[in-house]
Amino acid sequence: MQKTYYDPADLRKFGKITEWSEELGNKFFEYYGKVFEEGALTAREKSLIALAVSHTEQCPYCIDAYTKDGLQRGVTKEEMMEAIHVGAAIKSGATLVHGVQMMNKVNKLDG
Amino acid sequence: MTKLKTQSLQKRESDLAQSNRQLEILSNGIFQNGELPTFKDKISETSQFPLKAKKLEILQINVGYMCNQVCEHCHVDAGPDRKEIMTRETMQQCLDVIKNSGAHTLDLTGGAPEMNPDFRWFVEEAAKVGIKDFIVRSNLTIIRANKKYYDLPEFFKKHNVHVVSSMPHWTRGKTDKQRGDGVFDKSIKALQELNAVGYGMPDSDLRLDLVYNPSGAFLPGDQMAMEKDFKKALIEDFNIQFHNLFAITNLPIARFLDYLIASENYEDYMYQLVEAYNPTAVANVMCTNTLSISWDGFLFDCDFNQMLELPVNSKSKHISEFNEELLEGRNIVISQHCYGCTAGAGSSCQGVVA
Numbered sequence: 032m033q034k035t036y037y038d039p040a041d042l043r044k045f046g047k048i049t050e051w052s053e054e055l056g057n058k059f060f061e062y063y064g065k066v067f068e069e070g071a072l073t074a075r076e077k078s079l080i081a082l083a084v085s086h087t088e089q090c091p092y093c094i095d096a097y098t099k100d101g102l103q104r105g106v107t108k109e110e111m112m113e114a115i116h117v118g119a120a121i122k123s124g125a126t127l128v129h130g131v132q133m134m135n136k137v138n139k140l141d142g
Numbered sequence: 089m090t091k092l093k094t095q096s097l098q099k100r101e102s103d104l105a106q107s108n109r110q111l112e113i114l115s116n117g118i119f120q121n122g123e124l125p126t127f128k129d130k131i132s133e134t135s136q137f138p139l140k141a142k143k144l145e146i147l148q149i150n151v152g153y154m155c156n157q158v159c160e161h162c163h164v165d166a167g168p169d170r171k172e173i174m175t176r177e178t179m180q181q182c183l184d185v186i187k188n189s190g191a192h193t194l195d196l197t198g199g200a201p202e203m204n205p206d207f208r209w210f211v212e213e214a215a216k217v218g219i220k221d222f223i224v225r226s227n228l229t230i231i232r233a234n235k236k237y238y239d240l241p242e243f244f245k246k247h248n249v250h251v252v253s254s255m256p257h258w259t260r261g262k263t264d265k266q267r268g269d270g271v272f273d274k275s276i277k278a279l280q281e282l283n284a285v286g287y288g289m290p291d292s293d294l295r296l297d298l299v300y301n302p303s304g305a306f307l308p309g310d311q312m313a314m315e316k317d318f319k320k321a322l323i324e325d326f327n328i329q330f331h332n333l334f335a336i337t338n339l340p341i342a343r344f345l346d347y348l349i350a351s352e353n354y355e356d357y358m359y360q361l362v363e364a365y366n367p368t369a370v371a372n373v374m375c376t377n378t379l380s381i382s383w384d385g386f387l388f389d390c391d392f393n394q395m396l397e398l399p400v401n402s403k404s405k406h407i408s409e410f411n412e413e414l415l416e417g418r419n420i421v422i423s424q425h426c427y428g429c430t431a432g433a434g435s436s437c438q439g440v441v442a
């Protein structure tokens, strides 16, 4: 039995999820592929968004995949790090904005 | 990050300087235990084995392995310490073949081809033949390496040479990581000088194309998208123009193989190549319309097979006994490195093929 929850080699097996639920798996991958096609946003822009979300979701497979994807598209490490900061800023902002709820509650209970 | 080496594998007496050692690595491990299919098995799935040479269109001549750079990814294992140089006698034999062959493209490569002492003589003589497309693969920095090379842009122009130059990225950091400190600045200066004599300008017949190959263990992205990004960055930052960008995949041989193994990326890289295998690209791989000639006149299916010392499968093995009829229809010699030319949109010295 594997000793860790994540194995980098598992990323290669992602496609196998269709084996246990073919229709849903295929629909997912079809949708996934479509999302990343060039559209109103460039494929490069989408790749950077995916990289930022990979970090906020803290998905190691996604981080590996979209770091490599970015390199393939010529994305620089500075661009990658800035994208991650955008994700981090939203994460911390999302935490801190709840501070207002705390303040409201304090003011109501003890104002 | 691995530090850029300053000597060839041969000079370092590395195991991997031996082509049979490289071929061994490419045949063993994941390809031997069945984890990944061999290239032969893969192309057999679509009945494309054996790969056969079609009509000869491109003659690629490697005039020597000497180079002023020691790039991390170099499949030639070129460098200042390599002494293999084509002689004028072999060049003359090549000229005789060029005159009589049906090839429409002549492609000079190296090392840095300009470092061959007979390079200019050869270009002058070859230009007289009037071949349709006459390419010189220039690493750019050679133009700024020494005073004696400063007039190369004018020389290329005089002989209507099509210049194809390597440029791994539009940023200094990524370029210098792959090609050595200071390469980016020199390359930019050289490109500006080529532009100044008319190379690469939108309506100019003086063709200037760039070659992009990834700076690490990943495949090139979409050629069109990369070209757009390169053009935007080079014009905005340096007022540089060029015609087309060729996106080329790094093949797992010589120094790139050494890098893949040292950085523990070899298996992942081979998986990437196999997963990106595109049977459509197989039909148009460059070995089917190209012949590669080594510095000592031997014939190969491509520059990569030349470096792996895999000669053509034909009775016509040397430029001195060149026979186009015998060579046409020959079986192409393959190994697992060939996956590099069939991944994604495919890869050749002229960029994507599918």
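Residue numbers (the working numbering), protein chains in the order written: chain A, 32 to 142; chain B, 89 to 442.
Every residue, glycine too, gets a C-beta built ideally from N, C-alpha and C.
Residues that DSSP places opposite I381 of chain B in a beta bridge: To locate residue 381 of chain B, count along the second sequence from 1; it is residue 293. Paired residues: B:I149, B:L387.
Given a limit of 7 Å on CB to CB distance, which residues of the segment 314-327 of chain B reach chain A? Within the segment 314-327 of chain B, the qualifying residues are M314, D317.
Starting from the C-beta of E363 of chain B, find all residues in its chain whose C-beta is less than 8 Å away, skip the five residues before and the five after it, and write them out in chain order. As a position in the second sequence, residue 363 of chain B is number 275, starting the count at 1. The answer is none, since no qualifying residue turns up.
Which one of B:R267, B:A442, B:F222 has the shortest CA to CA distance from T229 of chain B? For the purposes of this step, residue 229 of chain B is taken as the residue at position 141 of the second sequence. It is B:R267 whose Cα lies nearest to the Cα of T229 of chain B.
Pull up the distance between the alpha-carbon of V158 of chain B and that of K319 of chain B, whole angstroms please. Numbered from its first residue, the second sequence carries residue 158 of chain B at position 70. Numbered from its first residue, the second sequence carries residue 319 of chain B at position 231. For V158 of chain B and K319 of chain B, the distance between alpha carbons rounds to 26 Å.
Taking 8 Å as the threshold (C-beta atoms), are S404 of chain B and F410 of chain B in contact? The residue given as residue 410 of chain B occupies position 322 in the second sequence. The residue given as residue 404 of chain B occupies position 316 in the second sequence. Yes, the pair counts as a contact, with Cβ atoms nearer than the cut-off.
G105 of chain A CB to nearest chain B CB: under 8 Å? Along the first sequence, read from residue 1 onward, the residue named residue 105 of chain A stands at position 74. Closer than 8 Å to some Cβ of chain B, the Cβ of G105 of chain A qualifies, so yes.
Is it buried or exposed for S52 of chain A, if we count other Cβ within 10 angstroms and need 16 for buried? Along the first sequence, one-based indexing puts residue 52 of chain A at 21. Exposed, because fewer than 16 other Cβ atoms sit within 10 Å of the Cβ of S52 of chain A.
If you draw a straight line from the C-alpha of I323 of chain B to the C-alpha of Y287 of chain B, how long is it? Taking the first residue of the second sequence as 1, we reach residue 323 of chain B at position 235. Taking the first residue of the second sequence as 1, we reach residue 287 of chain B at position 199. Each residue's Cα considered, the two are about 14 Å apart.
Which residue spans inside the segment 172-207 of chain B form an unbroken beta strand (DSSP E) run of at least 3? If only uninterrupted beta strand (DSSP E) runs of at least 3 residues are considered, those enclosed by the segment 172-207 of chain B are 193-197.
Pick out whichever of B:F344, B:A371, B:S351, B:C437 has its Cα sitting closest to the Cα of L104 of chain B. Numbered from 1 along the second sequence, position 16 holds the residue referred to as residue 104 of chain B. Of the listed residues, the one whose Cα sits closest to L104 of chain B is B:F344.
I'd like to check one pair, V151 of chain B with P201 of chain B: are the Cβ atoms closer than 8 Å? Position 113 of the second sequence holds residue 201 of chain B. Position 63 of the second sequence holds residue 151 of chain B. In this structure, V151 of chain B lies closer than 8 Å to P201 of chain B by Cβ.
Going straight from the alpha carbon of D41 of chain A to that of L196 of chain B, what length do you get? Here residue 41 of chain A refers to the residue found at position 10 of the first sequence. Here residue 196 of chain B refers to the residue found at position 108 of the second sequence. So the alpha carbons of these two residues sit roughly 44 Å apart.
Could you check the C-alpha separation between S351 of chain B and L72 of chain A for me, to the nearest Å? Taking the first residue of the second sequence as 1, we reach residue 351 of chain B at position 263. Taking the first residue of the first sequence as 1, we reach residue 72 of chain A at position 41. Taking the straight line from one Cα to the other gives about 34 Å.
Count the other CB atoms within 10 Å of the CB of Q103 of chain A; is the residue buried (16 or more) or exposed (fewer)? Position 72 of the first sequence, counted from the first residue, corresponds to residue 103 of chain A. Around the Cβ of Q103 of chain A, a 10 Å sphere holds 16 or more other Cβ atoms; the residue is buried.
Find the nearest neighbour of L414 of chain B within the set B:Y357, B:K236, B:Y300, B:V400, judged by alpha-carbon distance. Here residue 414 of chain B is taken as the residue at index 326 of the second sequence, counted from 1. It is B:V400 whose Cα lies nearest to the Cα of L414 of chain B.
For chain A, find out if any of its Cβ atoms is closer than 8 Å to the Cβ of T337 of chain B; answer yes or no. As a position in the second sequence, residue 337 of chain B is number 249, starting the count at 1. No - not a single Cβ of chain A is within 8 Å of the one on T337 of chain B.
Three-way DSSP call (helix, strand, coil) for M289 of chain B in this model: Translated into positions along the second sequence, residue 289 of chain B becomes position 201. Looking at M289 of chain B - three-state DSSP - the assignment turns out to be coil, as it is neither helix nor strand.
Could you work out which residues of chain A lie near L348 of chain B, taking near to mean beta carbons separated by less than 7 Å? Residue numbering aside, residue 348 of chain B sits at position 260 when the second sequence is read from its first letter. The premise fails here: L348 of chain B is roughly 14 Å from chain A at the closest Cβ pair, so nothing lies under 7 Å.
Distance between L339 of chain B and T178 of chain B (C-alpha atoms, nearest Å): As a working note, residue 178 of chain B is residue 90 in the second sequence. As a working note, residue 339 of chain B is residue 251 in the second sequence. Taking the straight line joining both Cα atoms gives about 28 Å.
Using a C-beta cutoff of 8 Å, does A74 of chain A count as contacting chain B? Here the question's residue 74 of chain A lines up with position 43 in the first sequence. Yes - at least one Cβ of chain B is within 8 Å of the one on A74 of chain A.
Of the listed residues B:M358, B:E412, B:G309, nearest to G439 of chain B (C-alpha basis): Locating residue 439 of chain B in the second sequence gives position 351, counting from the first residue. Closest option to G439 of chain B, Cα to Cα, is B:G309.
Quick one: grab the DSSP three-state call for L322 of chain B. Here residue 322 of chain B corresponds to residue number 234 of the second sequence, with the count starting at 1. Helix, per DSSP.
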